[in-house]
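Enquirer:
Residue numbers (the working numbering): 126 to 401.
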C-alpha cells in the first residue's frame, strides 16, 4: 500500500500546468515540423514556421504559448494499492489555483449563467478510473475554448454505420473551418452512451501511440485523408495540413443507438503525464 499526500499531488499538478502551458510536448512539435517539411503551399508553410517559432520562444522564456491557457482537464488513474491521506479533488484544484496565480496564466473559468469568473481557474474537470498497482497517474491537459467550442456529438442510427460516422466527422471539421486554430487533432468517441462517447473523444485527443486495432486504424487514416483534402490548412488559410491526427476510441453501445462524439484540439495540444 502506497500513501500519497496532499502536497505531492498539489506540487505535481502545479509543475505540470506550467510545463504544459509553456513547453509543447515533443510529440506535437514533431507533427508541426513534419507538416512544415511536407507543405507545398507557401503561405501555409510560413504559418507553420511562425507557430514553431512561437512554441520555441515560449519554451525558452517559459511563457504561455497561447493566451488562452484553458480549463484544466485531468484523467486520474488510481492504483488499487494507493491510499490517499487527502481529498484528491481538493489537492488537484489547489495545484491548479497556485499554478494559475504564480505563473500568471489567464483565469478562464466562469459561472455558466452569470459569467462571473471564479478568479483562480478552478474547478478543474477531473475524471477518475482504477487500475492495478500502487501508482497515481495524472494526465493533465489545458483545453482552450476555440477548439472545444467546435466539438459536436450526435446520436446516429445504427444503420448509418461507418459511412455515417465518417460523414459526421468530416461535416464537423468543415463547419469548424479555421476557428479551432488548425492544424487540429481530432478525437472521436464511438459507442457507449451519450456521455461516454464524449469522454472517449476527449481521451482520444491525448493519444500519442498508433491505434492497435488495425481496422480502426484504417478508418482513422481514411478520415484524416478526407480532412486534409478539404484545403482548410493552417489557421484556416488553405494548405495541405488541416489535421495532424485522427484517433478513435470505442465502447460497446445499446443495439438501438450509435453515439458519436468529435472533440477537436488546436495545434497547441498541451498535455503532460505525471506518475506518483
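C-beta atoms are modelled at their ideal positions from N, C-alpha and C, and glycine is treated no differently.
Quick caveat: nothing in here was measured; it's all calculated off a predicted structure.
1) Determine the direct distance from the alpha carbon of residue 392 to that of residue 152, and round the result to whole angstroms.
2) If you draw a straight line from the C-alpha of residue 139 to the C-alpha of residue 227, how long is it?
3) Under 8 Å: do the stretch 284–291 and the stretch 221–235 share three or more Cβ pairs, one atom per stretch?
4) Does the distance from the C-beta atom of residue 302 to that of residue 169 stay below 7 Å?
5) Can you give the Cα-Cα distance for residue 330 and residue 178, rounded to whole angstroms?
6) Excluding the 5 residues flanking residue 412 on each side, which residues of the same chain have their C-beta closer than 6 Å to its C-beta?
7) Quick one: does residue 129 have its CB under 7 Å from some CB of chain B?
8) Would you call the CB atoms of residue 388 and residue 326 closer than 7 Å?
9) Can the beta-carbon of residue 263 be found closer than 7 Å to that of residue 399?
10) Taking the alpha-carbon positions, what's the residue 291 to residue 348 distance?
11) Given this structure, state the Cα-to-Cα distance separating residue 111 from residue 201, to the nearest angstrom.
Expert: Per the coordinate set shown:
1) 11 Å
2) 9 Å
3) no
4) no
5) 23 Å
6) In the structure as shown, the chain begins at 126 and stops at 401. Residue 412 is therefore absent and cannot be evaluated.
7) Structure shown: chain B not included; a single protein chain is present.
8) yes
9) yes
10) 6 Å
11) Residue 111 lies beyond the stretch modelled for the chain, which goes from 126 to 401, so this question has no answer here.
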